[in-house]
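Here is the structure we will look at, set down as structure tokens.
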């Protein structure tokens, strides 16, 4: 089982863990075993508000403009935009999921869709928090 711990790298290259006790408890269970350690910069995964905006505003506005209704058609529209704007990853060239995007990648994905909607479909998708009358 993989457990992720977050730490800050000090100037002297020591790690300052966010929850030291949790790390120690986990290490106790692994005492005497060989472990695999991976170090990577922490990414901020897409936010719930980004996902809510995408699923609750972007897709419905474009779907309505195209005459689509219902969850299946929203899912089809989402799949089409993923095909158009998300990169393929890995040797099998599997399309990246929006669930795996960080906040910057999700923002870029949404902005690409908004730009496409405006340029190609002639539909305006309001910005997050924008009120349209």
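In the numbering used here, the protein residues as written are 220 to 352. We treat Cβ as the ideally placed atom computed from N, Cα and C, and that holds for glycine. All values derive from a computational prediction rather than experimental measurement.
Per-residue burial, residue i [other beta carbons within 10 Å of its own, 16 or more giving buried]
i, result
"residue 314", "exposed"
"residue 329", "buried"
"residue 325", "buried"
"residue 300", "buried"
Contacts around residue i, its chain only, beta-carbon distance under 6 Å, and the 5 residues preceding and following it disregarded
i, result
"residue 344", "277, 280, 333 and 336"
"residue 227", "235"
"residue 347", "272"
"residue 285", "none"
"residue 293", "278 and 282"
Distance, residue j Cα to residue i Cα
i, j, result
"residue 320", "residue 264", "6 Å"
"residue 296", "residue 270", "15 Å"
"residue 272", "residue 261", "24 Å"
"residue 340", "residue 306", "22 Å"
"residue 327", "residue 318", "14 Å"
"residue 241", "residue 282", "46 Å"
"residue 232", "residue 220", "27 Å"
"residue 176", "residue 239", "No information on residue 176 is available, as it lies outside the stretch 220 to 352 that the chain covers here."
"residue 255", "residue 267", "31 Å"
"residue 275", "residue 289", "13 Å"
"residue 237", "residue 350", "39 Å"
Same chain, Cβ closer than 7 Å to residue i, five either side skipped, listed in chain order
i, result
"residue 308", "315"
Range of the contiguous beta strand (DSSP E) that encloses residue i
i, result
"residue 227", "226-228"
"residue 234", "234-236"
Sequence-distant residues of the same chain with beta carbon closer than 8 Å to residue i, five excluded per side
i, result
"residue 302", "314"
Boundaries (first-last residue) of the alpha helix (DSSP H) holding residue i
i, result
"residue 324", "322-335"
"residue 301", "290-304"
"residue 268", "267-272"
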